[in-house]
Structures are given as C-alpha cells and as structure tokens.
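Student:
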Amino acid sequence: MIERDDIDVIDIVTPNHTHAEIAIAAAEAGKHIISEKPLALTVEEAEQMYEAVKKHKVKHMICHNYRYVPAVQYIKKLIDDGRLGRIYHFRANYLQDWIMDPNFPLVWRLKKEVSGSGALGDIGAHSIDLARFLIGEFKELVGTTETFIKERPIGEMSGGLKAQSGGNEVGEVTVDDAVAFIARFENGTLGTFEASRFAGGNRNKNKFEINGEKGSVRWDMENMNNLEVFFQDDEPGLQGFRLINCTEEHHPYVGAYWPAGHIIGYEHTFIHLIHEFMKGIVEDYQPTPNFEDGVKNQKVLEAIDQSSETKQWVKL
Ligand SMILES: NC(=O)c1ccc[n+]([C@@H]2O[C@H](COP(=O)([O-])OP(=O)(O)OC[C@H]3O[C@@H](n4cnc5c(N)ncnc54)[C@H](O)[C@@H]3O)[C@@H](O)[C@H]2O)c1
C-alpha cells in the first residue's frame, strides 16, 4: 500500500509494536497517517514517528476516538465557556473484565514486547487522552500497577478480545492487569485514575466525572449519548444532576444524523475522527489528536510505569 501511488492515506490498525515502522515508512512515502493508540511502545519510538510526519509534511492523527463522542465534545465546550468554573477534580475509570479467566491465553495484548504495557496503554491511554483534551497537561503523578495472573496458556497472537483457549504450555504475562494513579495537572486540577481488565461485570466502563467551582459533569461510554450535569447556581429546590441526551442539533456532530432522541453509537466516534482527518487534508490544517498528542500521552504512560517501579512521584 505504501508503494502505491493511488493510495494517499495509511490507517494503522495493527498491534502496537508495528505502529512506528509502518508510520515512518508511510511518512517517507508522503502518505497521510492515522495510527491506532498507543502511538508506540516507547517515548523514543513515538518521538521518531512525530519527527517523520513533521519532516515529510503529512497530516497525522492518533485514534483516540472517545474525544469524538458528541457528549464529550459538549463537555469540552462547557469547560471552555467557563460553565464549570475552576476545575478541581478529574476522576476517571476505564474498567474491563475480559481476561479474568486464568485460562484466557497469552494474546499479544499481554506481552510487553508487542503491546508496550497492559491495561495502562490499552485503556488507561484513553483516559489520559481525555484528561489532556478536557483539563490540560499533566504536571506530576504517582501510580502503581499490578499483574494478578502472572502465567497463562500460550494462545494465538491475534484476536485481542476473542482469542482461542490455550493448550498446556504456559508463558509469562509481562504487562499490567490493572493500574491506579493520581496526578496533578498544570492548572491545579487533581486527577484520580484507574484502569483494569479485572473489574468483573464492567465490559467497557470508560467513565469520568469532573467537579468544578460552578458545576460538575459525568459521562460513561456505556451510555455514551447521555451527559449528567449539575450547576451550583440552580435554585435550591432543584439542585442535583440533570440527564441530557446529547442528540440535539446543538450537540457537535449529531446534526449530521437523525432527529433528536435518535441515538448514535461507538462506530460514529471513529466516523467523526476520520471526518476531522479528511477536513484537515482538504483544508490543509493539522487536526487533533495527532502524533504530538501521541508523544505527550506516551510520556504519561512511561511516567506511570516509572513511578510504579520506583514508588516515587514523577514530574512530566
Ligand atoms: N481506538 C480504539 O478504541 C481501539 C480499539 C481496539 C483496538 N485499538 C488498537 O488497534 C490496534 C489493533 O488492535 P486489535 O484489537 O484490532 O488487534 P487484533 O489482534 O484483533 O488485530 C490486529 C490485526 O493486525 C494484523 N497484523 C498483525 N501484524 C501485522 C503486520 N506486521 N502487518 C500487517 N498486519 C498485521 C493481524 O493479522 C490482525 O488482523 C492496537 O494498536 C490497539 O491498541 C484501538
């Protein structure tokens, strides 16, 4: 595909250890690039990818699709418009449970040399990106990781979530099953984060709550069209979280679909991101999140790993 003249865009959807090689080759061939997250295995690799896209002047994005949920875009607007005032807390959980069975095989997501990290880079990376999008840059953090099941049957390498059961031979799990960390942001917000693949009953519980001086918001991917919002200046008898179904034409992107109340889904978050990417190419600007965000997210991932090893706070 990289050698063909009639292909202008490369969308990298392969396991994490292949992202850098493919992206650098694609940039050298002048192709615009979307890469899946996490951008790379290490900060060094991520920086090489970012250098390559800048040098060859191609457009680039990293597929942090949750930024493109209409409710999340609307939360961004509420924050930018000052509706929540000064932000005190960002509290995020990304919880799954698909590897709780100890006989679930050693798929590529459980091998450090292929995936870089476990729950941290796979799902925690989305919370980190959402935090940077909504709150701003990380200043310092302290965290810890845990691997509950340390050996697993050797299974097939593909099929992340639907792998075949393994045989008798076992191999070592070299990534985290779960991570928890707290962080300070440059603007003074206090962040608390948890990502786990051992949170039974939570299939894809990507959620966050933000508390500000004038109001709070809550969002949860499993009810992605809904936004809960609380304003401090609501009259006393009506104080509480209100439930907003973000399907009105005032909510970003949904005006392109159905009438109000006709919900959209997970796949549309990718459509919105690719829409931004195409607009960036046609109108010649650099959309976000891009490889620069990928590098910044990777620095946070690496800092958490470092903090877990040293049991110390790490500055970004
Ligand atoms: N943005 C999101 O919400 C989201 C969701 C799922 C996965 N991802 C990311 O997408 C990527 C792929 O994850 P997945 O769950 O689809 O994995 P997967 O194992 O289901 O699929 C990976 C595919 O890549 C192919 N492949 C492997 N090595 C290759 C190579 N060298 N060249 C070409 N093809 C190769 C495999 O044959 C397989 O078809 C990962 O980086 C993952 O983090 C992102």
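Residue numbers (numbering that gives the first Met the number 0): 0 to 315.
Here a beta-carbon is modelled for each residue, glycine too, at the ideal position from N, C-alpha and C.
Because the structure is a prediction, the values reported are computed rather than measured.
Looking at the structure shown, is F197 part of a helix, part of a strand, or coil, going by DSSP?
Tutor: To locate residue 197, count along the sequence shown from 1; it is residue 198. It is coil, neither helix nor strand.
Student: With the cut-off set at 8 Å, would you say Y49 and F197 are in Cβ contact?
Tutor: Counting from 1 along the sequence shown, the entry for residue 49 is found at position 50. Counting from 1 along the sequence shown, the entry for residue 197 is found at position 198. Their beta carbons are not under 8 Å apart, which means Y49 does not touch F197 by this criterion.
Student: Bridge partners of M60, per DSSP?
Tutor: Taking the first residue of the sequence shown as 1, we reach residue 60 at position 61. I33, per the DSSP bridge assignment.
Student: Which residue wins for smallest C-alpha separation from K30, given the options A22, E185 and K36?
Tutor: Within the sequence shown, the letter at position 31 stands for residue 30. Ranking A22, E185 and K36 by Cα distance to K30 puts A22 first.
Student: Using beta-carbon positions only, say whether V172 and L109 come within less than 8 Å of one another.
Tutor: Along the sequence shown, one-based indexing puts residue 172 at 173. Along the sequence shown, one-based indexing puts residue 109 at 110. Yes, Cβ-Cβ distance for V172 and L109 is below 8 Å.
Student: Below 8 Å on the Cβ atoms is my guess for I209 versus H88; work out the distance and round it to an integer in Å.
Tutor: To locate residue 209, count along the sequence shown from 1; it is residue 210. To locate residue 88, count along the sequence shown from 1; it is residue 89. Yes, I209 and H88 are in contact; Cβ-Cβ is about 7 Å, under 8 Å.
Student: Cβ-heavy atom distance between K36 and ligand 1 below 7 Å?
Tutor: Position 37 of the sequence shown holds residue 36. Yes; taking the cut-off as 7 Å, the Cβ of K36 has a heavy atom of ligand 1 nearer than that.
Student: So, under 8 Å CB-CB, D100 and E145 are touching, yes? Tell me the CB distance rounded to an integer number of Å.
Tutor: What you label residue 100 is simply residue 101 of the sequence shown in a count that begins at 1. What you label residue 145 is simply residue 146 of the sequence shown in a count that begins at 1. Contact flag wrong, Cβ pair sits at about 17 Å.
Student: T268: buried (16+ other C-beta within 10 angstroms of its C-beta) or exposed?
Tutor: As a position in the sequence shown, residue 268 is number 269, starting the count at 1. Buried: at least 16 other Cβ atoms inside 10 Å.
Student: Is T287 near ligand 1, going by C-beta to nearest heavy atom under 7 Å?
Tutor: The sequence position of residue 287 within the sequence shown is 288, counting from 1. No.
Student: Looking at the strands, I want to know which residues DSSP matches up with I209.
Tutor: Here residue 209 corresponds to residue number 210 of the sequence shown, with the count starting at 1. DSSP, once it has assigned bridges, lists F89 and V216 as partnering I209.
Student: Looking only at its own chain, which residues have a Cβ that is under 7 Å from the Cβ of V68, when we skip the five neighbours before and after it?
Tutor: In the sequence shown, counting from the first residue as 1, residue 68 sits at position 69. Around V68: M223 and T268.
Student: First and last residue of the alpha helix (DSSP H) that includes P69?
Tutor: As a first step, residue 69 is located in the sequence shown; it is residue number 70 there, counting from the start. Unbroken alpha helix (DSSP H) run through P69: P69 to D79.
Student: If you follow the beta strand (DSSP E) that N102 is part of, which residue opens it and which one closes it?
Tutor: By 1-based counting over the sequence shown, the position of residue 102 is 103. Careful: N102 lies outside any beta strand (DSSP E) and carries neither H nor E.
Student: Spell out whether any CB of chain D is found under 8 Å from the CB atom of K54.
Tutor: This model lacks chain D altogether; it includes just one protein chain.
Student: Mapping the DSSP letters down to three states, classify E112 as helix, strand or coil.
Tutor: For the purposes of this step, residue 112 is taken as the residue at position 113 of the sequence shown. Looking at E112 - three-state DSSP - the assignment turns out to be helix.
Student: Of the choices E234, N225, E185 and I148, whose alpha-carbon is the least far from that of S195?
Tutor: The sequence position of residue 195 within the sequence shown is 196, counting from 1. Selected option, being the one with the closest Cα: I148.
Student: Find out if the Cβ-Cβ distance for the pair V52, I32 is shorter than 8 Å.
Tutor: By one-based count along the sequence shown, residue 52 stands at place 53. By one-based count along the sequence shown, residue 32 stands at place 33. Contact flag set, yes.
Student: Which of the three DSSP states is assigned to V228 in this structure?
Tutor: As a position in the sequence shown, residue 228 is number 229, starting the count at 1. V228: strand per DSSP, three-state reduction.
Student: So if DSSP puts I9 in a beta bridge, which residue, or which two residues, is it bridged to?
Tutor: Here residue 9 refers to the residue found at position 10 when the sequence shown is read from its first residue. Answer is I32, bridged to I9.
Student: Identify the continuous alpha helix (DSSP H) that holds A130 and give its terminal residues.
Tutor: In the sequence shown, counting from the first residue as 1, residue 130 sits at position 131. A130 -> alpha helix (DSSP H) spans A124 to L133.
Student: Using the Cβ count rule (16 or more neighbours within 10 Å means buried), how would you classify E193?
Tutor: Taking the first residue of the sequence shown as 1, we reach residue 193 at position 194. When all chains shown are included, E193 counts as buried.
Student: Where does Q297 land, buried or exposed, given buried means 16+ other C-beta within 10 angstroms?
Tutor: Reading the sequence shown from its first residue, position 298 is the one you call residue 297. By the 10 Å Cβ count, Q297 comes out buried.
Student: Taking only the alpha-carbon atoms, compute the straight-line gap between H125 and M220 and give it to the nearest angstrom.
Tutor: If you number the sequence shown from 1, residue 125 lands on position 126. If you number the sequence shown from 1, residue 220 lands on position 221. The straight-line gap from Cα to Cα measures roughly 12 Å.
Student: So what does DSSP say about I181, is it helix, strand or coil?
Tutor: The sequence position of residue 181 within the sequence shown is 182, counting from 1. Here I181 sits in strand by DSSP.
Student: How many whole angstroms separate the CB atoms of L140 and W312, which I take to be in contact at a CB cut-off of 8 Å?
Tutor: Counting from one through the sequence shown, the residue named residue 140 turns up at place 141. Counting from one through the sequence shown, the residue named residue 312 turns up at place 313. About 7 Å; that satisfies the 8 Å criterion.
Student: Confirm the yes/no value for this check: CB of D175, any heavy atom of ligand 1, distance under 7 Å.
Tutor: Taking the sequence shown and counting its residues from 1, the one referred to as residue 175 is at position 176. No, since every heavy atom of ligand 1 falls outside the 7 Å radius drawn around the Cβ of D175.
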